[in-house]
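Here's the structure we're looking at; comments come further down.
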Amino acid sequence: MCCIPGRLLIQTEGTLGVIYIIRNPLDVVVSMASAWGLSIDESIDFMASKAVGIRDNRFHLSRQHP
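The opening residue of the sequence shown carries number 123 in my numbering; numbering runs sequentially from there.
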């Protein structure tokens with residue numbers, strides 16, 4: 123289960139299973155470039171970087187999680 127600072131994102135009680143939805147990275151690159159005002163190359167570099175994570179980055183996307 124995914125944890126956010128010591129809290130489970132989804133509680134195991136009452137949870138029967140999990141469905142993972144995975145997007146094609148090539149599609150994500152185009153969406154990211156458009157939404158974040160980046161070039162395609164900048165989006166690819168960002169996604170390929172080991173130094174960043176989508177949840178902990180300069181765009182403050184961690185606010186999307188409870």
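Idealized CB from N, CA, C, for every residue including glycine. Predicted model only: the values in this text are computed from it and were never measured.
- Residue environment analysis places V140 among the exposed positions, since fewer than 16 neighbouring C-beta atoms fall within 10 angstroms of its C-beta.
- No Cβ-Cβ contact shorter than 7 angstroms links S171 with A155.
- Contact between M169 and V152 fails: their C-beta atoms lie close to 11 angstroms from each other, not under 8 angstroms.
- The DSSP-derived three-state label of E164 is helix.
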